[in-house]
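> Following this message is one structure expressed as structure tokens.
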Amino acid sequence: MADNLFIFNFNIMIKILIYKIKKNPYKFFLVKLVVLFTIIFSLDFFIGNILGYFYFKQESGLQYRTTYSIEKTTADLLIFGSSRANHHYYPTLFEKRLNLSYYNVGRDGNFMFYHSAVLKGVLKRYSPKIIILDFIGKEFEENQNSYDRLSSLLPYYKTHPEMRSIIELKSKYERLKMPSFIYPYNSSIFTIAIGNTEFNKRRKGDIKGYIPLNKTLVGSIEIDSSSSKYEIDSIKIKAYESFIQDCKNSNVKLYIVCSPYFTSYNHSDYSLIIAKEIAKRNNIQFFDYSNDSTFLNKPQLFADISHLNEEGSKLFSNMLIDSIQKTIEKESK
Amino acid sequence: MLFNSFHFLFFFIVVTSLYFMIPYKQRWFLLLVSSCYFYMAFVPIYILILGFTIVIDYFAGIYIENAKGSRRRLFLIFSLIANIGVLAIFKYYNFLNTNFSFLMHGFGLDNPIPYLSILLPVGLSFHTFQAMSYTIEVYRGHQKAERHFGIYSLYVMFYPQLVAGPIERPQNLLHQFREKYDFDYYRVAEGFRLILWGFFKKIVIADRLAIYVNTVYNNPTEHNGTTLILATIFFAFQIYCDFSGYSDIAIGTAKIMGFKLMTNFNRPYFARNISEFWKRWHISLSTWFKDYLYISLGGNRVSVPRWYFNLFIVFAVSGLWHGANWTYIIWGGLNGFYLVFAIVSKGFRDKINKFTGLVKFPLINNVFQILITFMLSCFAWIFFRANNVSDAFMIVKKILTSKGAIFIENPSIMIFSFLAIIILFLVELKKEYYKGNFSFFNNKRWLVRNLSYAALVIIILLMGVFDGGQFIYFQF
Chain A
136 MADNLFIFNF NIMIKILIYK IKKNPYKFFL VKLVVLFTII FSLDFFIGNI LGYFYFKQES
196 GLQYRTTYSI EKTTADLLIF GSSRANHHYY PTLFEKRLNL SYYNVGRDGN FMFYHSAVLK
256 GVLKRYSPKI IILDFIGKEF EENQNSYDRL SSLLPYYKTH PEMRSIIELK SKYERLKMPS
316 FIYPYNSSIF TIAIGNTEFN KRRKGDIKGY IPLNKTLVGS IEIDSSSSKY EIDSIKIKAY
376 ESFIQDCKNS NVKLYIVCSP YFTSYNHSDY SLIIAKEIAK RNNIQFFDYS NDSTFLNKPQ
436 LFADISHLNE EGSKLFSNML IDSIQKTIEK ESK
Chain V
114 MLFNSFHFLF FFIVVTSLYF MIPYKQRWFL LLVSSCYFYM AFVPIYILIL GFTIVIDYFA
174 GIYIENAKGS RRRLFLIFSL IANIGVLAIF KYYNFLNTNF SFLMHGFGLD NPIPYLSILL
234 PVGLSFHTFQ AMSYTIEVYR GHQKAERHFG IYSLYVMFYP QLVAGPIERP QNLLHQFREK
294 YDFDYYRVAE GFRLILWGFF KKIVIADRLA IYVNTVYNNP TEHNGTTLIL ATIFFAFQIY
354 CDFSGYSDIA IGTAKIMGFK LMTNFNRPYF ARNISEFWKR WHISLSTWFK DYLYISLGGN
414 RVSVPRWYFN LFIVFAVSGL WHGANWTYII WGGLNGFYLV FAIVSKGFRD KINKFTGLVK
474 FPLINNVFQI LITFMLSCFA WIFFRANNVS DAFMIVKKIL TSKGAIFIEN PSIMIFSFLA
534 IIILFLVELK KEYYKGNFSF FNNKRWLVRN LSYAALVIII LLMGVFDGGQ FIYFQF
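As they're listed, the protein sequences go chains A and V.
Every letter in the first sequence is one number past the one before it in the numbering used here, and letter 127, counting from 1, is 262.
Every letter in the second sequence is one number past the one before it in the numbering used here, and letter 332, counting from 1, is 445.
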């Protein structure tokens with residue numbers, strides 16, 4: 136009897152509460168909002184965690200290579216850079232001639248911020264013997280795109296505090312977005328799905344991060360006479376300086392390289408001039424092959440105007456190794 | 114300040130909360146100050162241009178109302194010259210000068226008139242047209258001159274529709290600033306629903322399609338006809354979702370505070386002819402041109418050739434309104450031509466329909482007409498999107514002559530793009546033909562409603578492009 140009375144009273148209390156809430160539109164709205172946000176946060180947590188699980192479970196593809204670079208590789212020689220790094224440094228030549236294990240950390244369409252963040256992740260675990268940073272023309276140009284591309288590092292934000300300060304450069308509201316569990320994997324659902332299959336391995340297998348290009352460029356050399364001056368982004372220069380400093384602090388031998396372009400320039404690239412100056416100031420060897428005569432007007436060595444093909448990459452790798460060996464010899468004397 | 118930014122989110126929360134907290138008589142002031150802040154978040158100095166047109170039109174309205182006879186017309190002309198003058202200087206000066214230079218070169222002469230290094234104020238064409246509609250309506254006697262300077266300023270500057278419309282009429286908007294709107298749960302929920310759908314259109318569809326469209330259209334020489342066709346179809350959806358998405362957010366934001374802005378898009382790609390397309394696309398602008406230019410030119414109450422001329426010229430001017438470039442003028446002219454051709458060929462088309470017996474199958478006939486209209490609008494979009502006229506003609510030529518495999522740089526982008534278009538199509542199809550059926554957002558069950566909202570948010574998080582894409586219509 137007493138139990139029934141309690142249930143009866145409780146039901147009435149609930150009904151009164153709902154009536155009171157409904158009577159006040161502000162309260163009614165807030166309650167509905169809380170309910171909606173609870174559903175959204177639950178779904179976000181659930182789906183985000185599933186995506187995270189499958190993201191780090193990938194065994195091939197771009198995202199897998201980034202994870203491998205940051206969390207697994209223990210290679211003696213690491214190649215950093217964008218797509219040009221990815222396609223220009225032939226692994227077996229470096230391994231045989233320098234007698235070092237090799238991994239190519241380069242990633243398409245990513246720039247100085249990415250290299251700097253990945254380096255921090257690597258150095259937290261171990262110090263490679265040699266790092267080669269492939270430097271591209273207009274690297275320091277003011278360009279929103281290079282900030283947007285930091286989205287490729289969002290999955291590592293929560294687990295890699297050493298990379299956070301760089302990832303947060305993406306936008307000033309990045310910290311506010313990061314509580315979402317789905318956001319780090321935004322636009323990645325299909326890439327994650329493919330990375331968990333054998334598709335990438337069958338399609339375009341990488342050799343220790345290096346991806347050979349088998350095309351041959353058709354066409355004659357282009358002369359770039361665009362202005363050598365453009366707006367320089369000082370934050371990018373700081374990232375470059377920090378990259379050098381991090382290598383120095385960890386006693387890693389750093390070589391900075393500007394690999395060959397098919398385009399011929401009427402002038403020296405502004406970023407290249409700055410990068411060389413900074414390297415010189417820090418006693419870092421800078422090898423500039425951007426206008427090297429060996430590659431000048433030889434389309435058979437290129438896949439497109441910015442990328443060497445496999446044959447070109449072998450030739451270039453041998454030339455670079457010669458230069459590195461000479462430097463090592465000189466330093467040992 | 115972009116709608117798709119955190120800056121706007123904070124702004125919106127603060128302004129809307131304050132709006133319902135303060136006495137309603139002071140709300141106009143809050144909205145005016147916040148609208149100034151909203152506009153100044155782009156380029157602060159350009160508020161002076163807005164201020165200039167506001168002062169001119171405010172006094173012009175009063176003088177027009179007080180004056181009699183030809184003086185009324187004089188004040189109206191003065192106001193129109195001031196407004197069009199601002200547009201001419203900031204939007205068309207360099208375009209006109211370039212064309213003048215071209216003409217002078219034809220005669221072997223140099224153009225002595227210098228170019229101006231000026232940045233186009235955000236949304237200039239929108240607020241100028243809205244201001245012009247005020248003085249014209251006062252002149253026509255459809256609207257009393259507004260004596261309250263603050264309220265009039267707010268009419269021009271009301272932040273939800275300040276930079277990309279809908280271009281309001283004074284009869285619809287001005288009186289609303291004096292009305293008291295209480296917090297109404299169902300209205301607020303409807304406003305949020307519109308905002309959410311607007312964000313979906315912008316972030317998930319428009320910005321996603323923009324990646325492919327920009328890659329192809331910024332380098333058309335590198336792509337074959339098949340790729341250019343796909344990029345053009347993508348652009349048709351991109352521009353629709355970009356602009357109607359903005360309108361949805363604007364209408365939703367205003368609705369939460371109680372304001373009712375006019376509908377700007379009504380599922381235009383379900384139109385069965387070009388005339389219907391223009392009754393569904395950017396309605397606030399097409400009705401503006403109809404009310405203030407087409408009718409002023411005599412509309413269809415003139416000789417037939419003059420009627421055709423009126424139609425053509427209205428669309429050409431509408432093209433020019435979009436931007437100081439021949440591509441826009443050709444786009445407008447092409448739409449004018451479609452309309453004139455539709456009128457001229459109506460009898461012939463009716464005969465063909467009768468002959469083929471297509472009219473007996475309304476479903477097939479409708480689908481056929483919708484597809485033809487969509488293809489015609491897509492063809493015109495080529496000129497709208499191309500970087501210049503020669504690119505546009507090259508794209509048309511390639512579409513007609515060069516075939517090949519579709520360019521796919523990133524399969525993910527393709528999948529997301531098609532998925533987004535399919536979602537849009539299903540939602541619009543439901544709204545167009547099955548209005549009362551299987552409603553998710555208005556479902557009687559609260560769980561279905563809440564899950565629908567949540568699903569939309571999750572899709573935005575999963576598939577949206579979060580790298581801050583600008584709204585295309587801001588530049589107009």
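Ideal Cβ positions, reconstructed from N, Cα and C, are used throughout, including at glycine.
#1: Pull up the CB-CB distance for I348/V and V326/V, whole angstroms please, since I reckon it's below 8 Å.
#2: Which chain A residues sit within Cβ distance under 9 Å of D297/V?
#3: Could you give the DSSP three-state label for V276/V: helix, strand or coil?
#4: Output the distance between the C-alpha atoms of Q274/V and A567/V, rounded to the nearest integer angstrom.
#5: If you draw a straight line from the alpha carbon of L455/A to that of I409/A, how long is it in whole angstroms?
#6: Measuring only the C-alpha atoms, how far is I156/A from R558/V?
#7: Pick out the complete alpha helix (DSSP H) segments inside the segment 466-553 of chain V, 4 residues or longer, and give them in chain order.
#8: What is the residue span of the alpha helix (DSSP H) that F191/V lies within?
#9: T129/V to L171/A, Cα distance in whole Å?
#10: So K264/A and L304/A are supposed to be a Cβ contact under 8 Å. How far apart are they, rounded?
#11: Where does the unbroken beta strand (DSSP E) through K388/A begin, and where does it stop?
#12: Tell me which residue opens and which closes the alpha helix (DSSP H) that I387/V is part of.
#13: Quick one: list the residues of chain A neighbouring I571/V, beta-carbon separation under 9 Å, in chain order.
#14: How long is the line joining the alpha carbons of S118/V and G304/V, rounded to whole angstroms?
#15: Can you pull the chain V residues whose beta carbon is under 8 Å from the beta carbon of F325/A, in chain order?
#16: Which stretch, first to last residue, makes up the beta strand (DSSP E) that contains A438/A?
#17: Three-state secondary structure (DSSP) at L213/A?
#18: Assuming contact is defined by CB atoms lying nearer than 8 Å, are S315/A and L574/V in contact in what I supplied?
#19: Below 8 Å between beta carbons: does that hold for N479/V and I387/V?
#20: Using a beta-carbon distance below 8 Å, is L115/V in contact with chain A?
#21: Is it buried or exposed for R414/V, if we count other Cβ within 10 angstroms and need 16 for buried?
#22: Among G278/V, G236/V, L560/V and K464/V, which residue has its Cα nearest to the Cα of A367/V?
#23: At 7 Å on the CB atoms, spell out the chain A contacts of F119/V, in chain order.
#24: Report the residue from T339/V, H395/V and R385/V whose alpha carbon sits nearest the alpha carbon of G358/V.
#25: If we ignore side chains and look at the alpha-carbon of each, how far apart do A455/V and F422/V end up?
#26: Is it right to say H288/V is buried, meaning 16 or more other beta carbons lie within 10 angstroms of its own, or is it exposed?
#27: So if I threshold CB-CB distances at 7 Å, which residues from the segment 552-577 of chain V count as touching chain A?
#28: So the alpha helix (DSSP H) N280/A belongs to, where does it begin and stop?
#29: Please return the same chain residues whose Cβ sits closer than 7 Å to the Cβ of Y137/V, not counting the five positions on each side in sequence.
#30: I need the boundaries of the beta strand (DSSP E) containing Y238/A, first residue and last residue.
#31: Following the continuous beta strand (DSSP E) through I266/A, name the residue where it begins and the one where it ends.
#32: Quick check: Y224/A and S441/A, are their CB atoms within less than 8 Å of each other?
#33: Rounded to the nearest angstrom, what separates G344/A and L254/A at their Cα positions?
#34: Going by beta-carbon coordinates alone, are E259/V and M375/V separated by less than 8 Å?
#35: Return no unless some Cβ of chain V is closer than 8 Å to the Cβ of L171/A.
#36: My guess is that G340/A and Q198/A are in contact by the Cβ rule of under 8 Å, so how many angstroms apart are they, rounded?
Put simply:
#1: It is worth fixing the name first, because residue 348/V is Phe in this sequence and not Ile. Sure, about 5 Å apart at Cβ, within 8 Å.
#2: P160
#3: coil
#4: 27 Å
#5: 21 Å
#6: 19 Å
#7: 475-498, 502-514 and 524-546
#8: S183 to L200
#9: 20 Å
#10: With a Cβ gap of about 29 Å, K264/A and L304/A do not count as contacting.
#11: K388 to C393
#12: I387 to R393
#13: I175, L178, D179, I182 and I317
#14: 18 Å
#15: The contacting residues are P524, S525, I528 and F529.
#16: F437 to D439
#17: strand
#18: Going by C-beta atoms, S315/A is nearer than 8 Å to L574/V.
#19: no
#20: no
#21: exposed
#22: Answer by Cα proximity: G278/V.
#23: Y308 and L311
#24: H395/V
#25: The straight-line gap from Cα to Cα measures roughly 14 Å.
#26: With fewer than 16 other Cβ atoms within 10 Å, it is exposed.
#27: N563, L564, Y566, A567, V570, I571, L574, L575, M576 and G577
#28: From DSSP, the alpha helix (DSSP H) with N280/A extends over Q279 to D283.
#29: Counting only Cβ-Cβ distances below 7 Å, and skipping sequence neighbours, we find K293.
#30: Y237 to N239
#31: I265 to D269
#32: no
#33: 15 Å
#34: no
#35: Chain V contact via Cβ: present.
#36: About 16 Å; that fails the 8 Å criterion.
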